[in-house]
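2 protein chains.
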Amino acid sequence: MTYKNKATQLDEIHAEVISEFSKTLEMFSLNPSESQLFVTLYLSDRPMNLDEMKDVLGKSKTAMSNATRTLLDYNLIERVWKKGERKDLYKAKKDLYHKFMKSYVRRWLDAIDQQMNNLNTIEYKLKNLDNTEDRDFIEGKIHEAIAFHASLEKVFEQINIK
Amino acid sequence: MTYKNKATQLDEIHAEVISEFSKTLEMFSLNPSESQLFVTLYLSDRPMNLDEMKDVLGKSKTAMSNATRTLLDYNLIERVWKKGERKDLYKAKKDLYHKFMKSYVRRWLDAIDQQMNNLNTIEYKLKNLDNTEDRDFIEGKIHEAIAFHASLEKVFEQINIK
DNA sequence: AACTTCATACAGTTTAAACTGTACGGAAAT
DNA sequence: ATTTCCGTACAGTTTAAACTGTATGAAGTT
Numbered sequence: 003m004t005y006k007n008k009a010t011q012l013d014e015i016h017a018e019v020i021s022e023f024s025k026t027l028e029m030f031s032l033n034p035s036e037s038q039l040f041v042t043l044y045l046s047d048r049p050m051n052l053d054e055m056k057d058v059l060g061k062s063k064t065a066m067s068n069a070t071r072t073l074l075d076y077n078l079i080e081r082v083w084k085k086g087e088r089k090d091l092y093k094a095k096k097d098l099y100h101k102f103m104k105s106y107v108r109r110w111l112d113a114i115d116q117q118m119n120n121l122n123t124i125e126y127k128l129k130n131l132d133n134t135e136d137r138d139f140i141e142g143k144i145h146e147a148i149a150f151h152a153s154l155e156k157v158f159e160q161i162n163i164k
Numbered sequence: 003m004t005y006k007n008k009a010t011q012l013d014e015i016h017a018e019v020i021s022e023f024s025k026t027l028e029m030f031s032l033n034p035s036e037s038q039l040f041v042t043l044y045l046s047d048r049p050m051n052l053d054e055m056k057d058v059l060g061k062s063k064t065a066m067s068n069a070t071r072t073l074l075d076y077n078l079i080e081r082v083w084k085k086g087e088r089k090d091l092y093k094a095k096k097d098l099y100h101k102f103m104k105s106y107v108r109r110w111l112d113a114i115d116q117q118m119n120n121l122n123t124i125e126y127k128l129k130n131l132d133n134t135e136d137r138d139f140i141e142g143k144i145h146e147a148i149a150f151h152a153s154l155e156k157v158f159e160q161i162n163i164k
């Protein structure tokens with residue numbers, strides 16, 4: 003039986019957690035680098051710089067730079083200042099669940115809002131057309147689609163409060 | 003000013019609704035063909051066959067065949083039988099909001115369940131290792147990750163009831 | 001001021017998703 | 001039984017996302 007020291011075994015576990023947990027985070031519309039990077043920071047007991055990240059994940063520094071910016075934008079990680087340190091340091095924010103939900107819900111709500119505007123614009127165009135059976139049919143459908151968006155908005159707003 | 007007859011104007015509106023509404027539906031993890039096809043069926047006053055679909059969307063019949071199968075699987079459209087008709091006919095299901103939410107929530111819950119199992123498996127492996135500070139640290143993180151999944155499960159289950 | 005060292009912009013490459021066209025098997029029509 | 005017509009499997013192509021390597025400019029160091 004092959005001998006494995008504790009450190010190696012823990013490294014394997016570490017890698018497995020990154021691989022598995024990141025799959026869930028990808029469902030929040032994060033790409034693989036973003037998801038894996040978040041889990042890496044989440045599992046780290048101290049802030050990390052871009053070079054450390056790229057070594058852990060075996061990806062390019064550019065990928066790490068892009069991923070940190072997105073995660074910052076989503077408010078999932080934060081930059082940490084350390085005296086005498088030239089490299090940027092980042093750590094995962096606390097309270098996983100709320101941070102992810104908030105970011106996710108916000109992106110949904112933004113998109114829903116945008117799409118409702120677009121549908122309202124289309125509906126407005128319809129009003130300038132003569133009334134016909136076809137016109138009324140489409141108008142009804144657009145109305146229903148807008149109501150669909152309103153329902154979505156409602157359900158995501160409810161999540162937000164919790 | 004260019005003359006446009008009613009039919010042309012309505013066709014334009016029709017195309018715009020497909021283009022815009024489908025963007026929202028893509029957020030339910032549908033690909034462009036699936037989303038556009040759903041909206042097409044949604045806007046149609048009668049069931050359509052694959053050839054009609056491909057003409058409306060300007061895509062291949064294979065794309066339509068694949069898209070209908072996915073939409074059927076997600077329970078968003080249904081097949082319609084018509085006497086003497088050899089081609090398969092499909093129509094959009096009623097009650098957009100509930101159908102989409104249900105399908106979406108189900109896919110989230112399935113994935114969460116799968117991921118919780120994976121994390122539990124990893125945690126079990128950890129138990130066979132000697133206790134060290136590092137081990138305890140990772141174990142705590144895995145626990146937190148599992149709790150994160152449990153919270154997700156809860157929030158999506160709540161949506162489901164409504 | 002010259003030299004390092006960092007993050008990131010940018011162009012190019014790789015990889016994966018989306019889509020197309022052809023071919024095939026099965027069902028219906030002749 | 002043969003022919004026609006349908007949906008879809010499959011292989012190949014196109015398109016878009018993800019990622020890499022190099023270049024650049026800004027900030028810190030000597």
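Order-wise, the sequence lines are chains C and G. Under this note's numbering, think of the first position of the first sequence as 3, with each following residue one higher. Under this note's numbering, think of the first position of the second sequence as 3, with each following residue one higher. C-beta atoms are modelled at their ideal positions from N, C-alpha and C, and glycine is treated no differently.
Taking all protein chains shown into account, decide if residue i is buried (16 or more other Cβ within 10 angstroms of its Cβ) or exposed.
i: C/Leu26; result: According to the sequence provided, residue 26 of chain C is Thr. The question's Leu does not apply to it. Buried, by the Cβ-count rule.
i: C/His16; result: buried
i: G/Ser67; result: exposed
i: G/Lys95; result: buried
i: G/Glu1; result: The question about residue 1 of chain G has no answer here: the residues shown for chain G are numbered 3 through 164.
i: G/Thr123; result: exposed
i: G/Trp83; result: exposed
i: C/Ala69; result: buried
i: G/Glu22; result: buried
i: C/Ala147; result: buried
i: C/Ala149; result: exposed
Which bits of chain C does residue i rub up against, with CB to CB less than 7 Å?
i: G/Asn120; result: Glu22
Applying a beta-carbon distance threshold of less than 8 Å, which residues of chain C neighbour residue i?
i: G/His151; result: Thr26
i: G/Lys143; result: Val19, Tyr44 and Leu45
Just how far apart, CA to CA, sit residue i and residue j?
i: G/Glu80; j: G/Glu36; result: 14 Å
i: G/Phe102; j: C/His151; result: 11 Å
i: G/Glu125; j: G/Lys56; result: 49 Å
i: C/Met50; j: C/Lys93; result: 7 Å
i: G/Leu12; j: C/Gly142; result: 13 Å
i: C/Met118; j: G/Leu98; result: 16 Å
i: G/Asp53; j: G/Lys63; result: 7 Å
i: G/Asp160; j: G/Arg71; result: First, the amino acid is wrong: residue 160 of chain G is Gln here, not Asp. Going by the C-alpha atoms only, they are around 28 Å apart.
i: C/Leu32; j: C/Asn133; result: 46 Å
i: G/Leu45; j: C/Thr10; result: 59 Å
i: C/Asn130; j: G/Ser24; result: 24 Å
i: G/Glu18; j: G/Asp47; result: 17 Å
i: G/Asp138; j: C/Asp115; result: 45 Å
i: C/Val157; j: C/Phe30; result: 17 Å
i: G/Phe40; j: G/Leu73; result: 8 Å
i: C/Glu87; j: G/Pro34; result: 47 Å
i: G/Asn77; j: G/Asn7; result: 37 Å
i: C/Ser153; j: C/Leu128; result: 23 Å
i: G/Lys61; j: G/Ile20; result: 14 Å
For residue i, which residues in chain G fall below 9 Å Cβ to Cβ?
i: C/Leu131; result: Lys8, Gln11, Leu12 and Ile15
i: C/Glu146; result: Tyr44 and Leu98
Using a C-beta cutoff of 8 Å, does residue i count as contacting chain G?
i: C/Asp2; result: With chain C represented from 3 up to 164, any question about residue 2 of chain C goes unanswered, as that position is not in the structure.
i: C/Ala65; result: no
i: C/Ala113; result: yes
i: C/Lys93; result: no
i: C/Val107; result: no
Flag residue i as yes if its beta-carbon sits less than 8 Å from any beta-carbon of chain C, otherwise no.
i: G/Leu78; result: no
i: G/Glu54; result: no
i: G/Val157; result: yes
i: G/Lys127; result: yes
Given that residue i touches chain C, what residues does it touch there, using C-beta distances under 9 Å?
i: G/Val58; result: Result: empty, since nearest Cβ-Cβ is about 14 Å, beyond 9 Å.
Cβ of residue i within 7 Å of any heavy atom in the ligand MN?
i: G/Ser46; result: Ligands in the displayed structure: none, and consequently the ligand MN is not present.
For the segment 26 to 39 of chain G, which residues have a CB atom closer than 8 Å to at least one CB atom of chain C, in sequence order? For the segment 26 to 39 of chain G, which is checked against every Cβ of chain C, the residues closer than 8 Å are Thr26 and Met29.
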